Every structure is written in C-alpha cells, then in structure tokens.
Amino acid sequence: MTDTATGTTSTDPWADIRPYRDDEAAAVLAKLAANRELLDALTRYRLPRLSRTLPWLARALASYAIRRETRDVNSVRDFQMRVAYYMERMIRTSTDDFRIEGLEHLNPDTAYLFIGNHRDISLDPAFVNYALHQAGRDTVRIAIGDNLLKKPYVTDLMRLNKSFIVPRALRGKRAMLAAYQNLSSYIRHSITEDNHSIWMAQREGRAKDGIDRTDTAIIKMLTMARRQEDRSAPIGDAIAELRMVPVSISYEYDPCDLQKARELHAIHSQGRYEKSEFEDISSIVAGITGHKGRVELRFGEPLGTGFDTPEAVAAEIDRQVVGGYHLFPSHYLALEALGDAPELLDMSEVSDVDRARFQARLNDVPAELRDWWLTQYANPVRNKAARLAGRDLTSP
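Just so you know, we're using the UniProt record's numbering here: the sequence shown kicks off at 1 and counts up by one.
Right, dumping it as structure tokens:
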C-alpha cells in the first residue's frame, strides 16, 4: 500500500529517502555506468578534447572506467572504501593539516546524531566520516537536501554514499508535514533501532557569511516522531534519545569563499541571487579540489534531557559549535583588514608566511567583493566573542 502524500510503502516506509542497501548497490552501479548525463559530465572534466571530437568514444571510455573501478564493489561499505581512497588523496593534496578533537570521549559502539556547522556542501560530512573511519568506527548516514539532487545520477551517487533525502521542494502544508514526520521517524529509527549514526547541518544551506547558528525548525522536526508517539513526552526526552552531539568544523581557507562573497554582494545590492544550473556541482568540485590550508574538526558533548524548548536546544548547540570552532590566522587577519574590532585580535600565532598567504588570496578578490570576502572570515571571531547580537548581518 502506498501513501500518496509521501510516496512510501507500508513495507518500506522510507524507500524514497533512505540510503541504498547492500543488495541494491550492484544494480545502481550498473545503471550509473550507463547513465549518459554522468558519462558526459565525467568526460567534459577528464577528457575535454575527446568529448568534443568523439563524444561516443569518450563516453565508452568513461563507462569502462566506472565498471573497472567498481568491479569488486558489492556493498555500500565497498563503495565507501573507494571513496576513502580518494578522500585520503584529497586531504594529502589540498590540506596542510587535519586535526580531530573530542571523538575519543564518545562511545564507539553508540549511535549519535552529529549536528554541525555547515561550510562545504560535501566535505563537512566527508571529514566527519574520515575521522570515524580513521578511528575504526562506522560511517554516518548523511542528510542532504533534495535541492542538490536535480540529476538522477547525483541522487544515486549520494544514496550509495549513505545519504538520505531531506525534502525542501514539496508544495503545500499537508505534504510538507507528512514528509517531515516521515523524515523525523527515519532519523529516530536510525539512532534508536539501527544504532547507526547520522550527520546533519544545524541549518538549511551553508553559512556563507561565516555565522554558525542553529535553526529551531530543525529541532522541531527532529522531535516530531517521539512527540507524535507520545504527545506528553518532554522535549528533553526526545532530544536525549537522539544522542545529539554538536560538531564544529573550521577551514583555514574556504575554496568557495569568492563565490560566497559574490552571492552575498548580489543579495545586498540587487536583492536576490540567481544560481546557474550547475553551480552546486561546481561548488562541490571546488570544495574538494581547492586548497583549504588547515582543517580542524571538534566533536562536542551529547545533549541530555535538560531542555524545555527548541530554542534552548538550539542555544546549546550554538554554544558548543561556536565554542569548539577553531580560529586560524586567516580569521584574525580578515578582522584586522576590516579594522572594526582591534580588541578582538590575537596575532600571537600569525606568522609572516600566514600574512603573505592571506594577502596573496586577498589580492585575487575583486575590489567590490573584498569586504564580503573578509567578513566571512572575520565573523567567526566576532561570533566567538558574542559580538554579533543585534548586528545588521545584511551588510559587511
């Protein structure tokens, strides 16, 4: 029996949103190896000249490469081990250092709902997964908005990598309510029944202005399943059973910083920003391949029962995320360049090399975007010092 509001069935209530299972992996990979859009995308990136002159040959070579690369992949774990190889290479070539703090305090046999700040579309959960993998722990299921899944092959790739779908494009209150109840039920089931950890962002979309704040609507969604089962259940009980752990990730440099500055400037000057068709995919590629300098990931402490409102939960997540956020020289150098809060500067660990690297990146930023570019690096310093309350965040 199918529910017309959610598209799910009674035997598999999360069929449309859950990650793929092991028994589905081989068929999905075979479909990907024959997907013309994926093959064209790969050949435009890896075989640009051949894709223009002999596109059929370029596609055939790309299809063969996919089949060869995945010939021994028979499960989701096998697929993720392939991803881990490329993740290790990415860290080696695009970061100067990757540090992990706090994971040792979390039980390796317990599932957690990791809720973190969001700076990069794919790398935030990827770094969490890599940290877990390095520690010999299972990887997470990843919440991803359906706005990023405009191509079927992207959906297949994400679901193979243990992503589940967060609905954002549904119309009508009834449809959205049913979808969020289903999503809340899936997340709760993953944590309490499957004992399988989850990663999700503290807000919809990346914090392009460098300000990490939790959206209370997400907290309300997360508690829907428990409170639907027991309307008298305190919100603290609903939070505690999810074993929610705030996570902070900090990048010394954001490969998408210029694009973010351009978007913020457009919204400020024109009132809106129109994304190009493949802009999200370009951001994913830029995030993966671009130089990030140093990266630090910090796991916080699980939230208990002591919360009466979604706002109180959000405030505690913010406290831990902001408190655990590591400030790099790039953050202080940006604040220094803006010149509006000299008392917050700590230049004790800023070297001449740091200053030269920062200045070289700033020199490549167009003049009209510089304040926006600087602000996204300076705001974490202001936020940590609680200097953003009441600030007009529409201006740099």
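Glycine included, every Cβ here is placed at the ideal spot set by N, Cα and C. None of these values were measured; they are calculated from a predicted model.
Contiguous alpha helix (DSSP H) elements confined to the stretch 154 to 196 occur at 173 to 192, taking only those with 4 or more residues. Looking only at R188, W199, H291 and T216, the smallest Cα-Cα distance to V247 is reached by W199. Around the beta-carbon of P125, 16 or more other beta-carbon atoms lie within 10 Å, marking it buried. Distance from the CA of E279 to the CA of R231, rounded to the nearest whole angstrom, comes to 42 Å. In this structure, the beta-carbon distance from K260 to K208 falls below 8 Å. For M244, the enclosing beta strand (DSSP E) begins and ends at M244 to Y251.
Leaving aside the five residues that flank L374 on each side, the residues in its chain whose CB is nearer than 6 Å to its CB run, in chain order, A334, A337 and L338. Within the same chain, Cβ atoms closer than 6 Å to the Cβ of I239 are found at L303, F307 and V313, the five residues on either side in sequence being excluded. A Cβ-Cβ contact shorter than 8 Å links S283 with C256. The C-beta distance from V353 to G116 rounds to 29 Å, too long to fall under 8 Å, and the pair is not in contact. If you check the CB distance, A62 and T43 come in under 8 Å. Under the three-pair Cβ rule at 8 Å, the stretch 209 to 226 does not count as touching the stretch 95 to 111. E24 is the residue among E24, V365, E296 and E229 whose C-alpha sits nearest the C-alpha of N74. Annotation: V350 to Q134 spans about 30 Å, alpha carbon to alpha carbon.
By the neighbour-count criterion, in which a residue is buried when 16 or more other Cβ atoms sit within 10 angstroms of its Cβ, H105 is exposed.
Only residues of its own chain outside the window of five on either side were considered, and among them W14, I17, R18 and F164 have a CB closer than 7 Å to the CB of Y186, listed in chain order.
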